[in-house]
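Quick note: the sequence shown uses this note's numbering, first residue 1172, plus one each step.
We put the beta carbon where it would ideally sit given N, CA and C, even for glycine.
All of these numbers come straight from a predicted model, not from anything done at the bench.
Report on the structure given below.
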Amino acid sequence: VPAHVPSPTAPLSEIDTPALLLRRPALERNIAKMAGRFHDAPVRLRPHFKSNKCLHIARLQLAAGAVGITCAKLGEAEALIDGGVTDILIANQIVGPIKIARLMDLRRRADVMVAVDDADNVAQLSAAATAAGLELRVLVEVDVGMGRCGVRPGEPALTLARTVAGSPGLHFMGLQTYEGHLQEVTPYEERRRRALEDMQKAVQTRRLIEDAGLPVAIVSGVGTGTHTISGLVEGIDELQVGSYATMDAEYARVGGADFEHALSVLATVVSRPAAGVAIVDVGLKSIAAEFGFPLVRIDGAEYTEFHEEHGTLTLGEAAQDLCAGDKIELIPSHGCTTCNLYDVMHVLDADDRFVELWPIEGRGRAQ
Ligand SMILES: Cc1ncc(COP(=O)(O)O)c(C=O)c1O
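The following block contains the structure:
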């Protein structure tokens, strides 16, 4: 709980800063738009929790028809299970005895699925599941070009799929893949060409495994930047889109993600040290920096320098009236890492009035 909790219907000026703001109507429109886009398509939505780590948002996505939730970490899965979510994909490898023991504890409470890309890890998961008397659903991760985790498409994936299918305590479910290297490719046509090419590697691997007699129930992948491309590829079953729900400045910049900005960081102008310069109380510790500067939500002001606890704004003609004490909104360049910096979201209604606080349950749960 923040030190100062605004009273219900308080205007933005009564919210202390830095504060993460979430416009609920925009969030709901984004969720409805993504759900509507695939309502009549064969794919299912399994939105990624790592993007906002907020259970309220996950519940809205499930209510809009998502089959389950994707997450990155055991700690996020724990938060989801504590919040009553039952069908969860941890789209990463769970490696080592400490984590595998935690995974088994979670599997007792919910139907958690994990990704694998290593035969020794498969053997360890199998031994732990068997010892615990559990069955664990497993996806083989295939690297279609991102160069992160995953086995090569084709024969290496088939070999590992056979290993999983032959391992007691494990249930081979299909493939995990993510074309993360393509999410921000511009122009969109180039993104489209490359995504269609790379997702074919996942689809061909699926066919190879099916032809070898192993049923493939799920091929999961796809992000906000490619959902209108890879989401329509036959042979892809589940979309693990994340950022679309709140959006961020980077996705707005690269295009192909027609969602509204529901997320911002409220900042206070703390100093006007020179003409044309304003200093705000939002710096590296309260907004993401890895994709560049945030967008300033007023005319004539640009965020031009990060400091730990401060940000420098360069002011044009239209913003010369900014004074110390004024509050302004910043749209983060990257929503996922910005949400991870806050304990709560300040939820706003259609009139930009404060409604309530939503905890960010997965925040900081990197283990
Ligand atoms: C494995 C995986 N799937 C899905 C996503 C969701 O991507 P986006 O936020 O672009 O929708 C990510 C994001 O990094 C990811 O790492």
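Look up D1258 in the DSSP assignment and say whether it is helix, strand or coil.
Residue mapping note: residue 1258 aligns to position 87 of the sequence shown, counting from 1. D1258: strand per DSSP, three-state reduction.
Just confirm the distance between the C-beta atoms of A1416 and I1228, as a whole number of angstroms; I'd bet it's less than 8 Å.
Taking the sequence shown and counting its residues from 1, the one referred to as residue 1416 is at position 245. Taking the sequence shown and counting its residues from 1, the one referred to as residue 1228 is at position 57. That belief holds up - the Cβ atoms of A1416 and I1228 are roughly 6 Å apart, short of 8 Å.
Write down every uninterrupted run of the alpha helix (DSSP H) in the segment 1227–1309 whose length is 4 residues or greater and which is fully enclosed by it, in chain order.
Fully enclosed alpha helix (DSSP H) runs of 4 or longer: 1245–1253, 1268–1280, 1290–1303.
May I ask you to report which of helix, strand or coil DSSP gives E1371?
Numbered from its first residue, the sequence shown carries residue 1371 at position 200. With the sequence shown as reference, residue 1371 is identified as Gln, and Glu is not the correct amino acid for it. In this structure, Q1371 counts as helix in the three-state DSSP scheme.
What are the start and end residues of each continuous alpha helix (DSSP H) run of 4 or more residues lying completely inside the segment 1331–1407, in chain order?
Taking only runs of at least 4 residues, the alpha helix (DSSP H) segments lying wholly in the segment 1331–1407 are 1359–1382.
Provide the residue span of the beta strand (DSSP E) that contains I1499, from first to last.
Against the sequence shown, residue 1499 aligns to sequence position 328. From DSSP, the beta strand (DSSP E) with I1499 extends over 1498–1502.
To the nearest angstrom, report how far apart G1413 and G1394 are at their CA atoms.
In the sequence shown, the residue the question calls residue 1413 occupies position 242. In the sequence shown, the residue the question calls residue 1394 occupies position 223. Answer to the nearest angstrom: the Cα atoms are 7 Å apart.
Let me know the secondary structure DSSP gives V1451 once reduced to three states.
Translated into the one-based positions of the sequence shown, residue 1451 becomes position 280. In the structure shown, V1451 sits in a strand (DSSP, three-state: E or B).
Can you give me the Cβ contacts of A1243 inside the same chain, cut-off strictly under 8 Å, excluding the 5 residues immediately before and after it?
For the purposes of this step, residue 1243 is taken as residue 72 along the sequence shown, with counting starting at 1. So the qualifying residues of the chain are H1219, F1220, K1221, I1261, A1262, N1263.
Bridge partners of Y1474, per DSSP?
Position 303 of the sequence shown, counted from the first residue, corresponds to residue 1474. Y1474 pairs with L1484.
Where does Q1153 land, buried or exposed, given buried means 16+ other C-beta within 10 angstroms?
Nothing in the structure corresponds to residue 1153, since the chain is present only between 1172 and 1538.
Does the Cβ of Q1411 lie closer than 7 Å to at least one heavy atom of ligand 1?
Your numbering for residue 1411 matches position 240 in the sequence shown. Yes, since a heavy atom of ligand 1 falls inside the 7 Å radius drawn around the Cβ of Q1411.
Let me know the secondary structure DSSP gives S1222 once reduced to three states.
Position 51 of the sequence shown, counted from the first residue, corresponds to residue 1222. Looking at S1222 - three-state DSSP - the assignment turns out to be helix.
Alpha carbon to alpha carbon, how far is D1289 from Q1295?
One-based indexing of the sequence shown puts residue 1289 at position 118. One-based indexing of the sequence shown puts residue 1295 at position 124. Taking the straight line joining both Cα atoms gives about 10 Å.
Could you give the first and the last residue of the continuous alpha helix (DSSP H) run that contains V1441?
Locating residue 1441 in the sequence shown gives position 270, where the first residue counts as 1. It is not in any alpha helix (DSSP H) - V1441 instead sits in the beta strand (DSSP E) that spans 1434–1445.
Confirm the yes/no value for this check: CB of H1219, any heavy atom of ligand 1, distance under 7 Å.
In the sequence shown, the residue the question calls residue 1219 occupies position 48. Answer for H1219: yes, Cβ within range of ligand 1.
Just list the alpha helix (DSSP H) runs in the segment 1191–1223, keeping only unbroken ones of 4 residues or longer that don't cross its boundaries, in chain order.
Counting whole runs of 4 or more residues, the segment 1191–1223 contains the alpha helix (DSSP H) stretches 1195–1208.
Within 10 Å of its beta-carbon, does A1495 have 16 or more other beta-carbons around it, so buried, or fewer, so exposed?
Locating residue 1495 in the sequence shown gives position 324, counting from the first residue. The residue in question, A1495, is exposed, as its Cβ has fewer than 16 Cβ neighbours within 10 Å.
According to DSSP, what are the bridge partners of E1527?
Residue numbering aside, residue 1527 sits at position 356 when the sequence shown is read from its first letter. Paired residues: V1518.
On the DSSP bridge list, what partners appear for V1322?
The sequence position of residue 1322 within the sequence shown is 151, counting from 1. DSSP, once it has assigned bridges, lists V1313 as partnering V1322.
Could you have a look at V1467 and say whether DSSP puts it in helix, strand or coil?
As a first step, residue 1467 must be located in the sequence shown, where it is residue number 296. Strand at V1467.
For a test of the three-state rule: what should DSSP assign to L1329, helix, strand or coil?
Walking along the sequence shown from the start, residue 1329 turns up at place 158. Looking at L1329 - three-state DSSP - the assignment turns out to be helix.
I need the DSSP call for E1461, collapsed to helix, strand or coil.
Position 290 of the sequence shown, counted from the first residue, corresponds to residue 1461. If DSSP states are grouped into helix, strand and coil, E1461 belongs with coil.
Rounded to whole angstroms, what's the CA-CA distance from R1362 to V1436? Just pull it up for me.
As a first step, residue 1362 must be located in the sequence shown, where it is residue number 191. As a first step, residue 1436 must be located in the sequence shown, where it is residue number 265. So the alpha carbons of these two residues sit roughly 30 Å apart.
Leaving out five residues on either side along the sequence, give the residues of the same chain with a beta carbon under 7 Å from the beta carbon of T1508.
Taking the sequence shown and counting its residues from 1, the one referred to as residue 1508 is at position 337. Counting only Cβ-Cβ distances below 7 Å, and skipping sequence neighbours, we find A1459, E1461.
So is A1442 buried or exposed if we call it buried at 16+ other beta carbons inside 10 Å?
Numbered from 1 along the sequence shown, position 271 holds the residue referred to as residue 1442. Reading the sequence as shown, one finds Ser at residue 1442 and not Ala. Flag for S1442 reads exposed.
Rank G1321, L1528, G1447, L1519 by C-alpha distance to the C-alpha of Y1513 and give the top, closest one.
Mapped onto the sequence shown, residue 1513 falls at position 342. It is L1528 whose Cα lies nearest to the Cα of Y1513.
Let me check understanding here. Comparing Cα to Cα, which of G1351, H1352, C1320, V1311 lies closest to R1333?
By 1-based counting over the sequence shown, the position of residue 1333 is 162. It is V1311 whose Cα lies nearest to the Cα of R1333.
What I want to know is whether the C-beta of S1401 ends up closer than 7 Å to one or more non-hydrogen atoms of ligand 1.
As a working note, residue 1401 is residue 230 in the sequence shown. Not so, every heavy atom of ligand 1 lies at least 7 Å from the Cβ.
Which two residues bound the contiguous alpha helix (DSSP H) that contains R1424?
The residue you call residue 1424 lines up with position 253 of the sequence shown. Taken as a continuous stretch (DSSP letters only), the alpha helix (DSSP H) holding R1424 covers 1420–1425.
In angstroms, rounded to a whole number, what distance separates the CA positions of S1457 and N1511?
On the sequence shown, residue 1457 is found 286 positions in, with the first residue counted as 1. On the sequence shown, residue 1511 is found 340 positions in, with the first residue counted as 1. Each residue's Cα considered, the two are about 9 Å apart.
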